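The structure appears below as structure tokens.
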Amino acid sequence: MEVINMKLLKIDLTGINYPLKSLLLGNEDTWGSMIAVVADLTPDQLTYKYPNYTQRCIAEMVNHALDTQYGFYTKNLILGEKLLEPLYKDLAKTAEEAQQRILDTYQKVVNLWKNLGVQDFTKEIKTEWGQILTGELALFQSITHTHYHVSEICFLRGLGGFPTKVMG
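212 is the number of the first residue of the sequence shown in this note's numbering; add one for each residue after it.
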């Protein structure tokens with residue numbers, strides 16, 4: 212099987228300072244790992260679910276991670292826009308399609324984040340479940356949430372017998 216070798220576009224960090232610089236670098240690392248962890252999956256592996264256990268398949272995890280960072284954290288919590296419909300109503304059928312979705316959504320997120328100002332990072336946000344956080348912390352949580360799903364995909368790959376070395 213041919214491994215698709217897509218890469219995120221490098222971000223020009225000239226003139227970008229903390230906290231955005233740290234957030235962009237962390238996000239680049241996380242989404243680079245997501246691209247790598249799905250790179251060699253077959254269509255059957257993308258939809259694999261461990262028998263007799265309820266969880267998302269890998270393609271569902273990718274869609275969820277994209278929707279959560281772009282829609283919930285960035286558009287909703289940071290920009291105050293109403294939650295959008297899912298970015299993708301269907302599942303990626305190939306590793307290349309999953310990677311392209313990751314690349315496209317990552318670029319949308321970067322474009323939104325690069326236009327954020329100090330007020331976006333410092334504003335207080337109260338979630339519907341009562342958590343109070345700053346915009347900076349919300350974006351940091353969006354990165355850690357995504358990386359959780361990278362780890363989850365690694366674990367599911369191992370259970371399915373198609374392990375990866377992406378995370379060690």
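All C-beta atoms, glycine included, are put in the ideal place defined by N, C-alpha and C. As the structure is a prediction and not an experimental result, all values here were calculated from the model.
Residue i (DSSP reduced to helix, strand or coil)
i	result
Thr253	coil
Glu335	strand
Ile222	coil
Lys286	helix
Gln266	coil
Ile227	coil
Val320	helix
Thr241	helix
Arg303	Residue 303 is actually Ala in this sequence, not Arg. Ala303 falls in the coil class under three-state DSSP.
Met212	Low local confidence applies: a pLDDT of 39 at Met212 is under 50, so the model's placement there is unreliable, and no value is given.
Distance CB(residue i)-CB(residue j) smaller than 7 Å
i	j	result
Val320	Gln352	no
Thr241	His358	yes
Leu288	Ile336	yes
Phe366	Gly346	no
Gly282	Leu294	yes
Exposure of residue i, with buried meaning 16 or more beta-carbon neighbours within 10 Å
i	result
Asn326	exposed
Ile343	exposed
Gly372	exposed
Met272	buried
Lys300	exposed
Leu235	buried
Leu277	buried
Gly369	exposed
Counterpart residues of residue i in DSSP-defined beta bridges
i	result
Ile313	None; Ile313 has no bridge partner.
Ile354	Ile354 pairs with nothing; no bridge assigned.
Thr345	Glu335
Contact between the segment 266 to 280 and the segment 220 to 233 (3+ Cβ pairs under 8 Å): No, because fewer than three Cβ pairs between the segment 266 to 280 and the segment 220 to 233 fall closer than 8 Å, the two stretches do not touch.
Touching by the beta-carbon criterion (3+ pairs, under 8 Å), the segment 303 to 316 and the segment 243 to 253: With the cut-off at 8 Å, the segment 303 to 316 and the segment 243 to 253 touch.
Segment contact, 8 Å Cβ cut-off, at least three pairs: the segment 233 to 248 with the segment 307 to 317: Yes, they touch.
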